[in-house]
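Participant: Quick note on numbering: the sequence shown equals residues 307 to 695 in the numbering used here. Even for Gly, the Cβ is constructed at its ideal location relative to N, Cα and C. Have a look at the structure that comes next, please.
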Amino acid sequence: MKYYRFGKPEGRFVGNTEKYSVYEHILSDQRREIPSESYRNLPGEFTFNYGPATGGLIESVAFDFHTPGELIKHVDVYPYIKTRKIKVRGLSPEDALLLVERINGFHAASHAVAFEMAVEDALNIDVPEEVQYSRIIMLELERMRSNLEVVKRLCEPAGFGVPQNQIAYLRENIARIITSFAGHRYFFSSSYVGGCQFNGLVLESVIEDVKEEFEGIFNDLLQSKIFLNRLQNNGKISSSDMLGPAARAAGIEVDARIDEKRLPYSKLGFKPIVFDEPDAFGRFYVRSKEILSSADLISKAIRFSGNSPPAKIEKTNGEGAARVESPQGDLFYYVKINDGKISDVQISSPSLLNIEAFKKSMIGNIFTDYHFNWESFGIWVSELAVVIQ
């Protein structure tokens with residue numbers, strides 16, 4: 307491994323895989339336990355069950371709200387309702403990629419790129435710089451679409467049907483742009499180890515249009531006292547263990563786009579969006595600003611992007627690791643390859659730490675705050691409810 311090493315815990319904590327605790331550049335078998343507090347109802351309190359199959363949820367996840375009637379005293383989250391087993395051990399990296407990118411189809415580009423970079427690290431594969439710029443475009447298009455979905459879902463519980471549908475229209479536009487760019491609206495089979503095959507010409511004019519339309523909607527939402535009232539002081543949390551937009555909204559400047567040097571974000575003048583409001587409004591603000599920032603990064607990266615055929619794999623043994631900034635935060639992959647076949651894969655999803663932050667942030671709120679707070683974190687439980695075999 308060129309970019310990570312095994313050792314004692316050191317640096318920023320990123321999360322846990324099945325075997326290891328992951329830090330900025332360290333894998334440690336001294337697993338850091340993530341404390342999860344239990345709660346017993348006091349006299350007069352009861353447990354309100356919500357989910358896993360009910361209105362307002364797009365994944366199978368269950369919540370237990372402990373409350374005396376309105377005030378939330380404690381929250382338990384159960385993300386493992388539909389645990390999937392995915393067999394990748396014994397497969398070639400090319401075949402394993404087809405399954406990896408479907409762990410969370412909505413963030414398929416993030417999973418594909420992280421896995422590809424880990425394999426390339428393991429097998430000492432040199433990737434052309436133009437391919438790395440194309441991967442940046444992949445990741446930023448996915449970030450735009452994912453953040454648009456979060457903002458859309460924040461409008462829904464507020465009853466803001468007009469901006470909700472306007473943003474849904476923009477999200478669909480991005481999905482169609484991705485289809486033209488990559489051949490599939492969720493990036494399936496559009497990149498591979500050592501290369502990619504994209505049509506960058508379709509991006510030059512349309513991305514700026516989406517950016518301008520969203521910026522107008524965003525500015526209108528900032529003028530709505532009704533909308534802002536549902537977000538401000540809702541779900542306040544400043545835990546240093548948060549990842550992605552949730553951390554940056556709380557003024558914590560953490561971003562894998564800074565840490566991971568293989569993707570040339572620094573050459574595009576990238577600077578993370580950091581805010582100082584650790585609540586649902588801050589998370590909405592950071593995600594909205596990141597939509598605009600992603601559009602700018604895409605416009606810059608187009609000039610340097612290019613395609614390349616799949617790499618010729620000569621080495622058949624090795625281990626590698628990589629981390630990318632998914633729309634939700636740091637997504638980490640470790641792979642071990644023996645005789646050209648995958649012998650081990652370890653994944654750390656940002657959902658793990660962000661769910662713990664969400665649970666703490668709900669204490670002291672009321673149930674009608676829940677939807678805004680949960681959606682502002684942009685959590686995907688599909689990345690947790692998976693067992694790699």
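From I332 to P374, what does the alpha carbon distance come to, in whole angstroms?
Facilitator: Residue mapping note: residue 332 aligns to position 26 of the sequence shown, counting from 1. Residue mapping note: residue 374 aligns to position 68 of the sequence shown, counting from 1. Their backbone Cα atoms lie some 44 Å apart in a straight line.
Participant: Does the Cβ of N623 have 16 or more other Cβ atoms within 10 Å, making it buried, or fewer, making it exposed?
Facilitator: In the sequence shown, the residue the question calls residue 623 occupies position 317. Exposed: under 16 other Cβ atoms inside 10 Å.
Participant: Of the residues I523, R589 and L569, which one's Cα is nearest the Cα of Q538?
Facilitator: For the purposes of this step, residue 538 is taken as the residue at position 232 of the sequence shown. It is R589 whose Cα lies nearest to the Cα of Q538.
Participant: Use the C-beta contact count for Q695: other C-beta atoms within 10 angstroms, 16 or more gives buried, fewer gives exposed.
Facilitator: In the sequence shown, the residue the question calls residue 695 occupies position 389. It is exposed - the Cβ of Q695 has fewer than 16 other Cβ atoms within 10 Å.
Participant: Looking only at DSSP bridge pairs, what is C461 linked to?
Facilitator: Along the sequence shown, one-based indexing puts residue 461 at 155. DSSP output for C461 lists no bridge partner at all.
Participant: By how many angstroms is the C-alpha of G313 removed from the C-alpha of D335?
Facilitator: Here residue 335 corresponds to residue number 29 of the sequence shown, with the count starting at 1. Here residue 313 corresponds to residue number 7 of the sequence shown, with the count starting at 1. Cα-Cα distance, rounded: 8 Å.
Participant: With a CB to CB cut of under 6 Å and the five nearest residues on each side skipped, what residues in its chain are close to Y498?
Facilitator: Within the sequence shown, numbered from 1, the residue matching residue 498 stands at position 192. So the qualifying residues of the chain are P616.
Participant: Taking the alpha helix (DSSP H) that T485 belongs to, which residues open and close that run?
Facilitator: Counting from one through the sequence shown, the residue named residue 485 turns up at place 179. Note, T485: alpha helix (DSSP H), G467 to A488.
Participant: Quick one: measure Cβ to Cβ for L460 and S682, integer angstroms, because I've assumed they're closer than 8 Å.
Facilitator: Counting from 1 along the sequence shown, the entry for residue 460 is found at position 154. Counting from 1 along the sequence shown, the entry for residue 682 is found at position 376. Between S682 and L460 the Cβ distance is about 6 Å, and since that is below 8 Å, they are a contact.
Participant: May I have a chain-ordered list of the alpha helix (DSSP H) segments no shorter than 4 residues that lie completely inside the stretch 358–422?
Facilitator: Whole alpha helix (DSSP H) segments, 4+ residues: 399–406.
Participant: What number of angstroms, rounded off, separates the C-alpha of Q652 from the C-alpha of A553?
Facilitator: In the sequence shown, the residue the question calls residue 652 occupies position 346. In the sequence shown, the residue the question calls residue 553 occupies position 247. Distance between the alpha carbons of Q652 and A553: 24 Å.
Participant: Considering Cα atoms alone, identify which of R338, I597 and W686 is closest to D547.
Facilitator: Position 241 of the sequence shown, counted from the start, is the residue given in the question as residue 547. If we check each option's Cα against that of D547, R338 comes out closest.
Participant: Looking at the secondary structure, which residues open and close the beta strand (DSSP E) in which K647 lies?
Facilitator: Along the sequence shown, one-based indexing puts residue 647 at 341. K647 to S654 is the span of the beta strand (DSSP E), which, as asked, contains K647.
Participant: Is the distance from the Cβ of N540 to the Cβ of N430 below 7 Å?
Facilitator: As a first step, residue 540 must be located in the sequence shown, where it is residue number 234. As a first step, residue 430 must be located in the sequence shown, where it is residue number 124. In this structure, N430 does not lie closer than 7 Å to N540 by Cβ.
Participant: Would you call G522 buried or exposed, if buried means 16 or more other Cβ atoms sit within 10 Å of its Cβ?
Facilitator: Numbered from 1 along the sequence shown, position 216 holds the residue referred to as residue 522. Classification for G522: exposed.
Participant: Tell me, to the nearest whole angstrom, how far the beta carbon of F576 is from that of R563; I am working on the premise that it is less than 8 Å.
Facilitator: Counted from its first residue, the sequence shown places residue 576 at position 270. Counted from its first residue, the sequence shown places residue 563 at position 257. With 8 Å as the limit, F576 and R563 qualify as a contact, their Cβ atoms being about 6 Å apart.
Participant: Can you tell me which of the three DSSP states L637 falls into?
Facilitator: Here the question's residue 637 lines up with position 331 in the sequence shown. In this structure, L637 counts as strand in the three-state DSSP scheme.
Participant: Measure the alpha-carbon distance for A418 versus V425 and round it to whole angstroms.
Facilitator: Taking the first residue of the sequence shown as position 1, residue 418 is located at position 112. Taking the first residue of the sequence shown as position 1, residue 425 is located at position 119. So the two alpha carbons sit approximately 11 Å from each other.
Participant: Given that a residue counts as buried once 16 or more other Cβ atoms are within 10 Å of its Cβ, and exposed if not, what is D432?
Facilitator: Start at 1 with the first residue of the sequence shown, and residue 432 comes out as number 126. With fewer than 16 other Cβ atoms within 10 Å, it is exposed.
Participant: Leaving out the 5 sequence neighbours to the left and right, which residues in its chain are closer than 6 Å to S544 when beta-carbon positions are compared?
Facilitator: Looking up residue 544 in the sequence shown gives position 238. Around S544: A556 and P584.
Participant: What three-state label does DSSP hand I643 in the structure shown?
Facilitator: Taking the first residue of the sequence shown as 1, we reach residue 643 at position 337. In this structure, I643 counts as strand in the three-state DSSP scheme.
Participant: In terms of alpha-carbon separation, which member of L348, F638 and S398 lies closest to N644?
Facilitator: Sequence index remark: in the sequence shown, residue 644 carries index 338 (1-based). That would be S398, whose Cα lies nearest to the Cα of N644.
Participant: Under three-state DSSP, which class holds I685?
Facilitator: Working through the sequence shown from its first residue, we reach residue 685 at position 379. In this structure, I685 counts as coil in the three-state DSSP scheme.
Participant: Ends of the beta strand (DSSP E) at G321?
Facilitator: Sequence index remark: in the sequence shown, residue 321 carries index 15 (1-based). Residues F319 to N322.
Participant: Could you spell out the range, first to last residue, of the alpha helix (DSSP H) harbouring S663?
Facilitator: One-based indexing of the sequence shown puts residue 663 at position 357. In the sequence as presented, Ser is not what sits at residue 663; that position holds Ala. Here the alpha helix (DSSP H) through A663 covers S657 to M668.
Participant: Compute the distance between the beta-carbons of I340 and M668, then report whether it is under 7 Å.
Facilitator: Reading the sequence shown from its first residue, position 34 is the one you call residue 340. Reading the sequence shown from its first residue, position 362 is the one you call residue 668. No, Cβ-Cβ distance for I340 and M668 is not below 7 Å.
Participant: Pull up the CB-CB distance for P469 and L690, whole angstroms please, since I reckon it's below 8 Å.
Facilitator: Along the sequence shown, one-based indexing puts residue 469 at 163. Along the sequence shown, one-based indexing puts residue 690 at 384. That belief does not hold up - the Cβ atoms of P469 and L690 are roughly 30 Å apart, past 8 Å.
Participant: Tell me which residues share the same chain as S600 and place their Cβ nearer than 7 Å to its Cβ, disregarding the 5 neighbours each side in the sequence.
Facilitator: Translated into positions along the sequence shown, residue 600 becomes position 294. Within the same chain, S600 has close Cβ partners E446, R449 and M450.
Participant: Return the residue from the list I364, G506, D427 and Y591 that minimises the CA-CA distance to R629.
Facilitator: To locate residue 629, count along the sequence shown from 1; it is residue 323. Out of I364, G506, D427 and Y591, D427 has the C-alpha closest to the C-alpha of R629.
Participant: Check the C-beta distance from V320 over to D636 and give it rounded, since I have them as a contact under 8 Å.
Facilitator: By 1-based counting over the sequence shown, the position of residue 320 is 14. By 1-based counting over the sequence shown, the position of residue 636 is 330. Contact flag correct, Cβ pair sits at about 5 Å.
Participant: With distances taken from CA atoms, which of K606, Y591, K391 and E351 is nearest N525?
Facilitator: Indexing the sequence shown from 1 puts residue 525 at position 219. Ranking K606, Y591, K391 and E351 by Cα distance to N525 puts Y591 first.
Participant: Taking the alpha-carbon positions, what's the F421 to V641 distance?
Facilitator: Residue mapping note: residue 421 aligns to position 115 of the sequence shown, counting from 1. Residue mapping note: residue 641 aligns to position 335 of the sequence shown, counting from 1. Each residue's Cα considered, the two are about 8 Å apart.
Participant: Does the distance from the CB of N725 to the CB of D370 come in under 7 Å?
Facilitator: Because the chain spans 307 through 695 in this model, residue 725 falls outside it and cannot be assessed.
Participant: Just verifying my parser: in three-state terms, what is the DSSP assignment at N355?
Facilitator: As a first step, residue 355 must be located in the sequence shown, where it is residue number 49. Of the three classes helix, strand and coil, the one that applies to N355 here is strand, per DSSP.
Participant: Mind checking whether L404 and V394 have CB atoms under 7 Å apart?
Facilitator: Counting from 1 along the sequence shown, the entry for residue 404 is found at position 98. Counting from 1 along the sequence shown, the entry for residue 394 is found at position 88. Taking 7 Å as the Cβ cut-off, L404 and V394 do not qualify as a contacting pair.
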